[in-house]
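Have a look at the structure below, then the notes.
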Amino acid sequence: MKKGKYLLLTVTAAALLAAIPFQAFASRDTENRSPVGSIGLNVSSSIHVGDESSDVDVSLDFGDCDISNVDVINEPSGKWVDKDKPKLEVTLEADDDYYFKSGYAKKNVTLSGDSATVTSIKRKGDEELRVVITLKALKGTSSDYSLDVDEAEWDQMDGVAEWNGSEDAKYYELRVYRDEKFLSTVKPGKETKYNLGRYLTQAGTYTFDVRAVYSDSRHGEWQTSDSFTITAEQAQEIQKTLVFKEAGSGPAAGAWEQDALGYKYRNSDGSYVTNNWQQIGGVWYFFDENAYCKTNTWVFWNGKWYYLDVNGAMLVNTTTPDGKQVGEDGALL
77 MKKGKYLLLT
87 VTAAALLAAI
97 PFQAFASRDT
107 ENRSPVGSIG
117 LNVSSSIHVG
127 DESSDVDVSL
137 DFGDCDISNV
147 DVINEPSGKW
157 VDKDKPKLEV
167 TLEADDDYYF
177 KSGYAKKNVT
187 LSGDSATVTS
197 IKRKGDEELR
207 VVITLKALKG
217 TSSDYSLDVD
227 EAEWDQMDGV
237 AEWNGSEDAK
247 YYELRVYRDE
257 KFLSTVKPGK
267 ETKYNLGRYL
277 TQAGTYTFDV
287 RAVYSDSRHG
297 EWQTSDSFTI
307 TAEQAQEIQK
317 TLVFKEAGSG
327 PAAGAWEQDA
337 LGYKYRNSDG
347 SYVTNNWQQI
357 GGVWYFFDEN
367 AYCKTNTWVF
377 WNGKWYYLDV
387 NGAMLVNTTT
397 PDGKQVGEDG
407 ALL
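Just so we're aligned, residue 77 is where the sequence shown starts under the numbering used here, counting upward by one.
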């Protein structure tokens, strides 16, 4: 009986002794590792507007960890464009005897080099940390884009302007001239042809300048067209054809658009007339520099005054609201 008790005590003691090393090891694992403190990362980006690649370098300035991977996580399907903000995911691994404690905060990561911001941090266990960094928005210059146009010419059958476009143009801008005198500016969208018939109202020699535009501050050089000389009879015929189209019987019919500031007329090709007249459905309207139709006002044009009613239509052969007389051509008598 005594022997049995002895054996039981011996086995129990052995079991306790066997457990001690494992408990001590687990305790030492926590006690012997230190939490990673502050981290410094240096960011150097070679990404520019127009690039298709994403060349970025991130190095460790300080910290008890190593960089194991850097990924650009919002690469475009084509080229980087103006105002894009590249995003990087930097994977960090804790050094031996160090770990990333729970709740590791963005404020613990300091960035140097190119302008950037720590967007988020995600802890993967206690040995890996993923830091998302957002770079400053890209800012392009005209040299970053292909904005050259050439072969600006007239289709002398109907007064259509045509040119070879550029790869990066968001839209095109045209300036129309008669006998070297400026008539109007037109923005015909992304099409590389535009019917300028509405400006060919009288005999003369017409030219146009065209340039490709990426943004208000980024555009190509003006390209001047060949000249197009027409007689009064040809101008009249062009206007007859134009009236037919603008009335909606042809492909050039557009649509009125309204916003808080007034009405605009969007042509079928997406363009808007600015600082000029446009005949729509046989009625003449005048559009200001922002393409809004002017109403209830007088307009001075080529040395003559014209009145626009409440709907913007030019009055003809009548008395204006302020008691003036206008003739068959709408001009003040």
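For every residue, glycine included, the Cβ atom is placed at its ideal position computed from N, Cα and C. Quick caveat: nothing in here was measured; it's all calculated off a predicted structure.
- If you compare the alpha carbons of Asn118, Lys380, Arg342 and His295 with that of Thr193, the shortest gap goes to Asn118.
- In the assembly as shown, Ile314 is a buried residue. Its beta-carbon has 16 or more other beta-carbons within 10 Å.
- If you draw a straight line from the Cα of Ala279 to the Cα of Gln354, it is about 18 angstroms long.
- The DSSP-derived three-state label of Gly338 is strand.
- Contact between Arg254 and Phe284 does not hold, since their C-beta atoms are separated by about 10 angstroms, which reaches or exceeds 8 angstroms.
- If the five residues before and after Tyr361 are omitted, its C-beta is found closer than 6 angstroms to the C-beta atoms of Gln354, Cys369 and Gly388, all from its own chain and listed in chain order.
- Take the alpha-carbon of Leu408 and the one of Gly235: they are about 30 angstroms apart.
- Per DSSP, Ala192 is one residue of the beta strand (DSSP E) stretching across Ala192 to Lys200.
- Taking 8 angstroms as the cut-off, the Cβ atoms of Leu276 and Tyr282 count as close.
- For Trp360, the uninterrupted beta strand (DSSP E) run begins and ends at Val359 to Phe363, by DSSP.
- Residues Ser130 of the same chain have their beta carbon placed closer than 7 angstroms to that of Glu151, with the five preceding and five following residues left out of the count.
- For the pair Tyr290 and Ala245, the CB atoms are nearer than the 8 angstroms cut-off.
- Cβ-Cβ distances below 8 angstroms link Ile197 to Tyr180, Ala181, Lys182, Val185, Leu205, Arg206, Val207 and Val208 in the same chain, with the five nearest sequence neighbours on each side left out; the list follows chain order.
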